[in-house]
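First comes the structure, then the notes that go with it.
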Amino acid sequence: MSIRIEHLNYTYSNGTVFEQHALKDINLELPDGQFIGIIGHTGSGKSTLIQHLNGLLKATSGSIYYNNEDIYAEGYSMKQLRSKVGLVFQYPEYQLFETDVFTDVCFGPKNLGLENDEIERRAAEALKLVGLGEEYYRVSPFELSGGQKRRAAIAGILAMEPEVLVLDEPTAGLDPRGRDDILDQVARLHQERKITVVLVSHSMEDVARYVQRIIVMNQGEVLYDDEPRKVFCHYKELEAVGLAAPQEVYLMHELAALGWDVDTDAATAGEAAESIARCLKNAEAKKKIVSGER
Numbered sequence: 147m148s149i150r151i152e153h154l155n156y157t158y159s160n161g162t163v164f165e166q167h168a169l170k171d172i173n174l175e176l177p178d179g180q181f182i183g184i185i186g187h188t189g190s191g192k193s194t195l196i197q198h199l200n201g202l203l204k205a206t207s208g209s210i211y212y213n214n215e216d217i218y219a220e221g222y223s224m225k226q227l228r229s230k231v232g233l234v235f236q237y238p239e240y241q242l243f244e245t246d247v248f249t250d251v252c253f254g255p256k257n258l259g260l261e262n263d264e265i266e267r268r269a270a271e272a273l274k275l276v277g278l279g280e281e282y283y284r285v286s287p288f289e290l291s292g293g294q295k296r297r298a299a300i301a302g303i304l305a306m307e308p309e310v311l312v313l314d315e316p317t318a319g320l321d322p323r324g325r326d327d328i329l330d331q332v333a334r335l336h337q338e339r340k341i342t343v344v345l346v347s348h349s350m351e352d353v354a355r356y357v358q359r360i361i362v363m364n365q366g367e368v369l370y371d372d373e374p375r376k377v378f379c380h381y382k383e384l385e386a387v388g389l390a391a392p393q394e395v396y397l398m399h400e401l402a403a404l405g406w407d408v409d410t411d412a413a414t415a416g417e418a419a420e421s422i423a424r425c426l427k428n429a430e431a432k433k434k435i436v437s438g439e440r
């Protein structure tokens, strides 16, 4: 098991008049190799939660275990934890600061104390994995497009060869093509490297399409934790907390209300299309049977 969270609480400005309870008694298990989505409205606690996963924030109370080791235990190496649990921020500019892309990606493995040949091998491999070729190696990271900056930031984390990749709104501000490119790349990394991926997103369609499990945060608590189809069955409850289901969910419920025998649990375009096609095929078959009887 990769990460286990037990009775986690976090309070901003604890003990002051500005005190705010951001996380309340969180209990979660994030197994090795799972692709997990975290959703929630602004202020729900999702970004605060993921910053605990690699020790950027320390819980007010509660415990976090990485591979069964208490990360708050005396002598535990946070540096080692952050080499295994990599966090890519929503704004890649926060993680890009070197003079060129290749040097920037080398920064993480260099801090691990690796030999230069290994550092450069990792950087080159990571850049290849995210689709940035050698023509970008000596380009300033600040001259890249928004999507390319995100790729470079992800490469900088991948070069450390993490076991867990945490992405905070990696497609914010990108056009549909750029969004799909980034998430398709992350999905390939998950499949090929078998790493755990934690994706924070406001896009219900993206979450439904890519993840195996969804954690819904609301007011610092876990509201739902299940596979996408089961979570989006609660679309009315999600609306009540400022969220929405993918458009496919609403379409299927509207068709069902019109009498169509469709799968109202369908949460992706593929699932919806398959269900509609099956419904039309069944209707055509019934029509032929009725015509034959006549």
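Residues in the sequence shown are numbered consecutively from 147, following my numbering.
Glycine included, every Cβ here is placed at the ideal spot set by N, Cα and C.
On a predicted model such as this, the values are computed, not experimentally measured, just so you know.
- Relative to N173, the option among Y156, T317 and L258 whose CA is nearest is Y156.
- For L311, the enclosing beta strand (DSSP E) covers residues V310 to D314.
- Per DSSP, Y381 is not a residue of any beta strand (DSSP E); the alpha helix (DSSP H) it occupies stretches across Y381 to A386.
- For a cut-off of 8 Å, the C-beta gap from P308 to G366 is around 27 Å, too long to register as a contact.
- Here the alpha carbons of H198 and G221 stand approximately 18 Å from one another.
- The residues A418, in chain order, have a CB closer than 7 Å to that of L397 in the same chain once the five nearest residues on each side in sequence are set aside.
- Measuring C-alpha to C-alpha distances from E430 to each of P238, Q180 and W406 identifies W406 as the nearest.
- Rounded to whole angstroms, the Cβ separation of V312 and I196 is 5 Å, and the two are in contact under 8 Å.
- If you keep only unbroken alpha helix (DSSP H) runs of at least 4 residues inside the region 346-409, you get 350-356, 374-378, 381-386 and 393-403.
- At a Cβ-Cβ threshold of 8 Å, A269 and V251 count as neighbours.
- Contact between the region 409-429 and the region 381-401 is present: three or more C-beta pairs spanning the two stretches fall below 8 Å.
- In the structure shown, K204 falls within a coil segment according to DSSP collapsed to helix, strand and coil.
- The beta strand (DSSP E) runs lying completely inside the region 180-252 and spanning 3 residues or more are 181-185, 207-212 and 231-234, given in chain order.
- In this structure, I182 places its C-beta atom within 8 Å of the C-beta atom of L345.
- Taking 8 Å as the cut-off, the beta carbon of G302 is found closer than this to the beta carbon of G254.
- Going by DSSP, K295 is part of no beta strand (DSSP E) but of the alpha helix (DSSP H) stretching over G292 to L304.
- DSSP links L154 through a beta bridge to I172.
- Distance check between L389 and each of Y370, Q337 and A318 places Y370 closest, using alpha-carbon atoms only.
- Note that the C-beta distance between S148 and V343 is not below 8 Å.
- Between the alpha carbons of K256 and Q337 lies a gap of roughly 27 Å.
- Contact check for L329 against T317 passes: the beta carbons are separated by less than 8 Å.
- The C-alpha of M224 is placed about 12 Å away from the C-alpha of E215.
- The alpha carbon of A354 has as its nearest neighbour, out of A168, Q166, D178 and I185, the alpha carbon of I185.
- Under DSSP, I149 shares a beta bridge with L176 and Y212.
- Annotated three-state conformation of V436 is helix, per DSSP.
- Residues of the same chain with a CB within less than 7 Å of the CB of S193, apart from the 5 flanking positions on each side, are D314 and V346 in chain order.
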